[in-house]
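S.K.: Please read through the structure below; I'll follow up with questions.
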Amino acid sequence: MVALRARLERLPLAQTFRIARGAKDEAVVVVAEVSDGAHRGWGESVPYARYGESPEGVLAALEGVAEALAEGLDREALQTTMPPGAARNALDAALWDLEAQRRGEPVFALLGLREPRPTPTCFTLVVDRPGAVEDAARRAAGHGWLKLKLAGDDDDLARLEAARRGAPDTPLVVDANESWDLPRYRRLAPELPRLGVALLEQPFPARADDALTELPHPVPICADESAHHRGDLPALRGRYDAVNVKLDKAGGLTEALAFAQAAEAAGLGVVVGCMVCSSLGTAPAHLLTDGALVVDLDGPLWLRRDRAEGVALRDHRLRPGRLWGYPRP
5 MVALRARLER LPLAQTFRIA RGAKDEAVVV VAEVSDGAHR GWGESVPYAR
55 YGESPEGVLA ALEGVAEALA EGLDREALQT TMPPGAARNA LDAALWDLEA
105 QRRGEPVFAL LGLREPRPTP TCFTLVVDRP GAVEDAARRA AGHGWLKLKL
155 AGDDDDLARL EAARRGAPDT PLVVDANESW DLPRYRRLAP ELPRLGVALL
205 EQPFPARADD ALTELPHPVP ICADESAHHR GDLPALRGRY DAVNVKLDKA
255 GGLTEALAFA QAAEAAGLGV VVGCMVCSSL GTAPAHLLTD GALVVDLDGP
305 LWLRRDRAEG VALRDHRLRP GRLWGYPRP
């Protein structure tokens with residue numbers, strides 16, 4: 005019998021994280037723990053209001069499957085029992101971690117994958133005044149990529165130019181978080197190659213992005229809010245050049261692996277992303293980084309204090325921790 009416990013945690017950030025939809029000073033996460041009496045596994049997810057989720061709703065969804073889990077619900081059955089989203093992600097991660105403890109093998113080996121290696125990651129430049137963006141870009145210039153958040157206002161071009169002045173040689177990813185409209189795209193998209201932008205993420209709102217089929221793509225365009233799991237792939241065809249695969253959207257590592265593989269088979273590049281969370285939340289995503297177009301796993305770097313044995317940033321490379329997915333004494 006497997007018992008489930010879930011709890012809510014609030015993790016203070018080192019500084020305000022601001023995007024087009026708003027700002028926050030803490031990461032609100034849900035931790036799921038499963039135990040068979042001899043072994044324990046855990047996982048973390050981020051309920052996201054943009055997708056109709058709340059911390060209380062995610063906790064309730066987990067409590068709703070506790071009895072089925074005790075009666076034998078396994079990870080494979082979970083994929084059809086719970087919908088994609090934060091609740092399934094936390095439980096999927098916990099069950100993978102439990103399996104690693106039971107079998108005495110790390111999750112990467114159970115999946116036949118190579119052990120995750122240190123990798124460059126994006127570091128996010130939040131929405132701010134252009135002068136503050138330039139200063140932040142200068143401080144973060146050694147990262148593998150800088151990911152600039154835009155707001156859909158009249159300062160977006162100035163922010164782009166400021167980021168490039170601050171970090172003239174660092175690859176730049178731009179994330180509009182659904183904030184652009186058609187006139188703004190037509191004004192700003194042609195400027196992106198000049199500014200050395202490698203990727204533009206989600207310029208238009210999800211379900212209002214059909215114009216991308218006809219518009220020029222001066223740089224590759226990545227779907228984020230429009231791409232959650234494999235079921236979304238048909239609608240992306242002709243609109244996007246890449247997809248941002250996130251555990252919380254896909255509903256866990258199990259679907260995220262399948263989604264990434266299906267996206268690549270469809271000719272789409274894969275960005276491995278995350279929410280603002282602890283290293284427990286990003287740990288399974290490190291198994292997706294081989295061959296990724298962009299790795300965007302800086303979520304734990306925004307925390308005032310991360311979990312023990314979490315990621316470490318050395319020489320501008322993110323080194324995965326061992327707090328999840330490895331057998332523990």
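With the working numbering, you'll find the sequence shown wraps up at 333, consecutive numbering, no jumps. No residue lacks a Cβ here, since even glycine has one placed at the ideal position from N, Cα and C.
(1) What is the C-beta distance between Tyr330 and Pro110, in whole angstroms, given that I count them as a contact (C-beta under 8 Å)?
(2) I'd like to know whether the C-beta atoms of Ala10 and Leu66 end up nearer to each other than 7 Å.
(3) What residues are listed by DSSP as bridge partners for Arg9?
(4) Do you know how far the Cα of Arg211 is from the Cα of Leu77?
(5) Nearest CA to the CA of Gly200: which residue from Glu13, Pro222 and Ala90?
(6) If we require 4 or more residues per run, which alpha helix (DSSP H) segments fall completely within the segment 118-164?
(7) Since I believe Cys226 is in contact with Val247 (beta carbons under 8 Å), could you give me their beta-carbon distance rounded to a whole number of angstroms?
(8) Looking only at DSSP bridge pairs, what is Leu204 linked to?
(9) Using a Cβ cut-off of 7 Å (strictly closer), state whether Ala269 contacts chain C.
(10) What does DSSP give as the partner residue(s) for Leu17 in the beta ladder?
(11) To which residues does DSSP link Glu48 through a beta bridge?
(12) Please report the distance separating the alpha-carbon of Arg89 from that of Cys126.
(13) Taking just the CA atoms, how far does His147 sit from His320?
(14) According to DSSP, is Val298 helix, strand or coil?
(15) By how many angstroms is the C-alpha of Gln19 removed from the C-alpha of Ala145?
(16) With a threshold of 16 other CB atoms inside 10 Å of the CB of Glu138, please say whether the residue is buried or exposed.
(17) If we count Cβ pairs, one from each stretch, closer than 8 Å, do we get three or more for the segment 179-196 versus the segment 152-160?
(18) Quickly, what does DSSP pair Val249 with across the bridge? List them, please.
(19) Would you grab the beta carbon distance between Glu13 and Val33 for me? Rounded to a whole angstrom, and I think it's under 8 Å.
(20) Under the DSSP definition of a beta bridge, which residues are partnered with Arg22?
(21) What does the Cβ neighbour count give for Pro51, buried or exposed, with the cut at 16 atoms within 10 Å?
(22) Just reading off the beta strand (DSSP E) that Arg198 is part of, what are its end residues?
(23) Which of the three DSSP states is assigned to Arg323 in this structure?
(24) What does the Cβ neighbour count give for Leu114, buried or exposed, with the cut at 16 atoms within 10 Å?
(25) Determine contact between the segment 44-58 and the segment 71-86, defined as no fewer than three beta-carbon pairs at a distance below 8 Å.
(26) Enumerate in chain order the residues of its own chain whose CB-to-CB distance from Ala36 is below 7 Å, with the five nearest sequence positions on each side excluded.
(27) Measure the C-alpha to C-alpha separation of Gly273 and Val249 and round it to an integer number of angstroms.
(28) Tell me the residue span of the alpha helix (DSSP H) that contains Leu240.
(29) So what's Ala42 in DSSP terms, helix, strand or just coil?
(30) Buried or exposed: Gly255, going by 16 or more other Cβ atoms within 10 Å of its Cβ?
(31) By the 10 Å Cβ neighbour count, where 16 or more other Cβ atoms means buried, how is Thr217 classified, buried or exposed?
(32) Could you give the C-beta distance for Leu251 and Pro304, rounded to a whole number, given that I count them as a contact under 8 Å?
(33) Expressed to the nearest angstrom, what Euclidean distance is found between the alpha-carbon atoms of Ala162 and Leu129?
(34) Grab the span of the beta strand (DSSP E) containing Ala316 for me, first residue to last.
M.R.: In terms of the structure at hand:
(1) 5 Å
(2) yes
(3) Glu37
(4) 34 Å
(5) Pro222
(6) 134-143
(7) 7 Å
(8) Val178 and Ile225
(9) Protein chain content of the structure displayed is limited to a single chain, and chain C is not contained in it.
(10) Leu307
(11) Val35
(12) With the sequence shown as reference, residue 89 is identified as Gly, and Arg is not the correct amino acid for it. About 23 Å.
(13) 5 Å
(14) strand
(15) 18 Å
(16) buried
(17) yes
(18) Val276
(19) 5 Å
(20) Ala27
(21) buried
(22) Where Arg198 is concerned, there is no enclosing beta strand (DSSP E), given that its DSSP letter is neither H nor E.
(23) strand
(24) exposed
(25) no
(26) Leu8, Ala10, Trp46, Gly47, Leu66, Ala94, Leu95 and Ala98
(27) 10 Å
(28) Leu237 to Leu240
(29) coil
(30) buried
(31) exposed
(32) 13 Å between Cβ atoms; not a contact.
(33) 14 Å
(34) Ala316 to Arg318
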